[in-house]
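Structure, as structure tokens:
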Amino acid sequence: MTQLRANKRGKEDLMEKILPLIESVTTSREMVPSDLTRGYDGFVFPGPLSQSERIGRTLAFWGSMGRILVRYYLQERDQGATEEQWQDLHNWGSKLVTDTITDLRGYYVKTGQVLSTRVDLFPEQYTSKLQSLQDSVEPIPTELVKALISQELLEGEPLETLFSAFDEVPLGSASIAQVHKAVLRDGRTVAVKVQRPAEEPKLRADVANLKAFAGRFREVLPADYYPVFCELERVLDSELDFRAEAQAMEKIAAGVAHSVDGSRARPPIVVPRPVPGLCSGRVLVMEYVQGMALNRLAERLTELGLVETSPEARVFGKRLLTSLTEAFGRMIFGAGFVHGDPHPGNIFIMDGGQVALIDCGQVKQISITQKLRLANLICKLEQWNKPNGPTCAEIAKDVKDFGVEVAEGAGDEALTATAILLFGPGGMELPGGYDTNEMSSTSPLKQLKAFPQELVLMGRATVMIKGIAAALGLKWNLAARWEPAARQAIECGDEGCAVPVYAMTPPPVGGSKGIVRPSFKEVRGSIWRAQNTAKSWFIAKSGEAVPPKVKRGVISWAASMAINPEDQVEEGEEDINDGDADEGSAHHHTDTP
Numbered sequence: 001m002t003q004l005r006a007n008k009r010g011k012e013d014l015m016e017k018i019l020p021l022i023e024s025v026t027t028s029r030e031m032v033p034s035d036l037t038r039g040y041d042g043f044v045f046p047g048p049l050s051q052s053e054r055i056g057r058t059l060a061f062w063g064s065m066g067r068i069l070v071r072y073y074l075q076e077r078d079q080g081a082t083e084e085q086w087q088d089l090h091n092w093g094s095k096l097v098t099d100t101i102t103d104l105r106g107y108y109v110k111t112g113q114v115l116s117t118r119v120d121l122f123p124e125q126y127t128s129k130l131q132s133l134q135d136s137v138e139p140i141p142t143e144l145v146k147a148l149i150s151q152e153l154l155e156g157e158p159l160e161t162l163f164s165a166f167d168e169v170p171l172g173s174a175s176i177a178q179v180h181k182a183v184l185r186d187g188r189t190v191a192v193k194v195q196r197p198a199e200e201p202k203l204r205a206d207v208a209n210l211k212a213f214a215g216r217f218r219e220v221l222p223a224d225y226y227p228v229f230c231e232l233e234r235v236l237d238s239e240l241d242f243r244a245e246a247q248a249m250e251k252i253a254a255g256v257a258h259s260v261d262g263s264r265a266r267p268p269i270v271v272p273r274p275v276p277g278l279c280s281g282r283v284l285v286m287e288y289v290q291g292m293a294l295n296r297l298a299e300r301l302t303e304l305g306l307v308e309t310s311p312e313a314r315v316f317g318k319r320l321l322t323s324l325t326e327a328f329g330r331m332i333f334g335a336g337f338v339h340g341d342p343h344p345g346n347i348f349i350m351d352g353g354q355v356a357l358i359d360c361g362q363v364k365q366i367s368i369t370q371k372l373r374l375a376n377l378i379c380k381l382e383q384w385n386k387p388n389g390p391t392c393a394e395i396a397k398d399v400k401d402f403g404v405e406v407a408e409g410a411g412d413e414a415l416t417a418t419a420i421l422l423f424g425p426g427g428m429e430l431p432g433g434y435d436t437n438e439m440s441s442t443s444p445l446k447q448l449k450a451f452p453q454e455l456v457l458m459g460r461a462t463v464m465i466k467g468i469a470a471a472l473g474l475k476w477n478l479a480a481r482w483e484p485a486a487r488q489a490i491e492c493g494d495e496g497c498a499v500p501v502y503a504m505t506p507p508p509v510g511g512s513k514g515i516v517r518p519s520f521k522e523v524r525g526s527i528w529r530a531q532n533t534a535k536s537w538f539i540a541k542s543g544e545a546v547p548p549k550v551k552r553g554v555i556s557w558a559a560s561m562a563i564n565p566e567d568q569v570e571e572g573e574e575d576i577n578d579g580d581a582d583e584g585s586a587h588h589h590t591d592t593p
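Under the UniProt record's numbering, the first residue of the sequence shown carries the number 1, and numbering increases by one thereafter.
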């Protein structure tokens, strides 16, 4: 009876915390008014959620979260709870969370996808179920899409004034926007990203709920998620303004097309760029990327009768990993402007084998100080386990300086093991006996108490790259591959080698443009063409002084020599331009989170 009374008091105490928060997020939040006022062919734009609808969403969120917290609170107080009971609770709670997010959609889906990557903080049941979330919703009606484009880009004029063709069926539809394929009147194929009307108030309300939840229950959650949701709120501002995304596309395209010291270099990936003059806060016209999303690659391999560990898949995988590793190395150690959402749905394999990275809505600028700290850490990790290599304490100091904190008593070994897990080769033995399996209870990630947002962002890229390598059975040491770029960043120092590459004059070449340096094949072709031009000139001049019969013989000989050199490529000779994208060939995607 005493235990029941205690449980009842605990439940009442918890509800006393929840109810005021429900009231605050449903009554005191200012609405963001919709400025969509004009129509298109008589179409009326929908308005934002009503107050009753907002209250309903808030109650649904807090109702589910409150039930879960109460159950965990009560079981935590039950000292006789068995492991089986905890597993049952995890199964029940994870299903309720996933079902609630699926029903509410909005920004909760994006949050669920982020949390699904935190296997270091949540039970396996939660991360596995949240990974199943697909950010796909009912498409915006065609009439509304056309009305939005007309108002945002054309001052109310019909779409035919800009497009010669416009696919009414979207390439993909997500919580914030959807993408359509179209053809401009000059013949260029483009992708048109259109934001859902009146969606901003709902998304901001969702983030307000999440921030309130994380702030009020910091002591209950497995980590302090309040700063994370504050970061999500910051990112939301740029995601809702497509002009910011257009600028980010230009910055990232320039970043991957330059070395760390600012010199021009062949871009390892394609980054679609915005079409100048065709971007507003809610509509973005960009280059079109023709290809397949990486998350569909396994399905395609199965169709071809291949497995992920087949020689063909491994060769392709190595090219893919090389491209992604080089691209993110340049972003991080160059201008420090990094793509923040590199999941498989945002990575495309183009028809020629070139890799494309789309959706620049989530980005992060890394400070020079943090960039140099990471560069020093990478250089030390590359020497780990080598003669005269760094000690565990030396690496741990760099990790700690970056802002990582671990549980009391975990010490230097946990910090070093975390760094190796993120940037070192897969399968390497970790110091302190820690497990390389992130799901294990002895993973060093279980010891984390503070993790800077910059490292969370870069961790998403490293986890993705190392995950691809593991699936293909390839050993991939990020520290070793990033070490040259890291050393170059250290040489540039605090002031850097130049202004950020995206601010150079003249405007920099972006990642979706043609190659920077001519290939051997191009140089060879140019020489042949020059030789043929010289031959033609020589024949023309010489022919004036020779008899007609001799002239015909010379012309016949010259014609036999003027063969296109590209037709004389020896069998088996590798074309190092294979996979390079033609200028303007870019795009697309189904994912616009």
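Backbone N, C-alpha and C fix where the C-beta goes; we use that ideal spot for every residue, glycine too.
Residue j beta carbon less than 8 angstroms from that of residue i
{"i": "residue 125", "j": "residue 90", "result": "yes"}
{"i": "residue 249", "j": "residue 274", "result": "yes"}
{"i": "residue 321", "j": "residue 476", "result": "yes"}
{"i": "residue 390", "j": "residue 380", "result": "yes"}
{"i": "residue 149", "j": "residue 173", "result": "no"}
{"i": "residue 175", "j": "residue 106", "result": "yes"}
{"i": "residue 111", "j": "residue 232", "result": "yes"}
{"i": "residue 421", "j": "residue 398", "result": "no"}
{"i": "residue 244", "j": "residue 271", "result": "no"}
{"i": "residue 291", "j": "residue 350", "result": "yes"}
{"i": "residue 206", "j": "residue 108", "result": "yes"}
Helix, strand or coil at residue i according to DSSP, with G and I counted as helix
{"i": "residue 276", "result": "strand"}
{"i": "residue 375", "result": "helix"}
{"i": "residue 55", "result": "helix"}
{"i": "residue 391", "result": "coil"}
{"i": "residue 366", "result": "coil"}
{"i": "residue 172", "result": "strand"}
{"i": "residue 258", "result": "strand"}
{"i": "residue 90", "result": "helix"}
{"i": "residue 348", "result": "strand"}
{"i": "residue 184", "result": "strand"}
{"i": "residue 31", "result": "Reliability of the predicted coordinates at residue 31 is poor, the pLDDT of 39 falling under 50, and no value is obtained from them."}
{"i": "residue 442", "result": "coil"}
{"i": "residue 266", "result": "coil"}
{"i": "residue 450", "result": "strand"}
{"i": "residue 111", "result": "helix"}
{"i": "residue 79", "result": "coil"}
Straight-line Cα distance separating residue j from residue i
{"i": "residue 474", "j": "residue 423", "result": "15 angstroms"}
{"i": "residue 452", "j": "residue 130", "result": "23 angstroms"}
{"i": "residue 255", "j": "residue 287", "result": "18 angstroms"}
{"i": "residue 363", "j": "residue 226", "result": "19 angstroms"}
{"i": "residue 329", "j": "residue 410", "result": "30 angstroms"}
{"i": "residue 23", "j": "residue 211", "result": "Residue placement at residue 23 cannot be trusted, given a pLDDT of 45 that sits under 50; what the coordinates show is reported in the next sentence. Looking at the two C-alpha atoms, the distance is approximately 15 angstroms."}
{"i": "residue 193", "j": "residue 454", "result": "28 angstroms"}
{"i": "residue 395", "j": "residue 340", "result": "25 angstroms"}
{"i": "residue 461", "j": "residue 56", "result": "37 angstroms"}
{"i": "residue 400", "j": "residue 166", "result": "53 angstroms"}
{"i": "residue 352", "j": "residue 323", "result": "14 angstroms"}
{"i": "residue 304", "j": "residue 348", "result": "18 angstroms"}
{"i": "residue 594", "j": "residue 497", "result": "Coverage of the chain is limited to positions 1 through 593, which leaves residue 594 absent and any answer about it impossible."}
{"i": "residue 242", "j": "residue 198", "result": "15 angstroms"}
{"i": "residue 184", "j": "residue 100", "result": "41 angstroms"}
{"i": "residue 480", "j": "residue 296", "result": "29 angstroms"}
{"i": "residue 82", "j": "residue 71", "result": "15 angstroms"}
{"i": "residue 208", "j": "residue 200", "result": "12 angstroms"}
Which listed residue (the options) has its alpha carbon closest to that of residue i
{"i": "residue 157", "options": "98, 165, 147 and 166", "result": "147"}
{"i": "residue 294", "options": "358, 229, 278 and 498", "result": "358"}
{"i": "residue 95", "options": "307, 123 and 408", "result": "123"}
{"i": "residue 331", "options": "165, 184 and 259", "result": "259"}
{"i": "residue 365", "options": "209, 196 and 235", "result": "235"}
{"i": "residue 633", "options": "284, 434 and 186", "result": "Since the first and last residues shown for the chain are 1 and 593, residue 633 lies out of range."}
{"i": "residue 354", "options": "215, 318 and 408", "result": "318"}
{"i": "residue 503", "options": "251, 372 and 195", "result": "251"}
{"i": "residue 326", "options": "201, 483 and 80", "result": "483"}
{"i": "residue 195", "options": "205, 189 and 239", "result": "239"}
{"i": "residue 490", "options": "373, 384 and 393", "result": "373"}
Whole-number beta carbon distance between residue j and residue i, since they are thought to touch under 8 angstroms
{"i": "residue 375", "j": "residue 333", "result": "6 angstroms"}
{"i": "residue 405", "j": "residue 449", "result": "5 angstroms"}
{"i": "residue 478", "j": "residue 465", "result": "7 angstroms"}
{"i": "residue 152", "j": "residue 282", "result": "5 angstroms"}
{"i": "residue 133", "j": "residue 161", "result": "With 8 angstroms as the limit, residue 133 and residue 161 do not qualify as a contact, their Cβ atoms being about 39 angstroms apart."}
Neighbour flag for residue i against chain D, beta carbons, 8 angstroms
{"i": "residue 157", "result": "As a matter of chain content, chain D is missing from the structure shown, which is built from one protein chain."}
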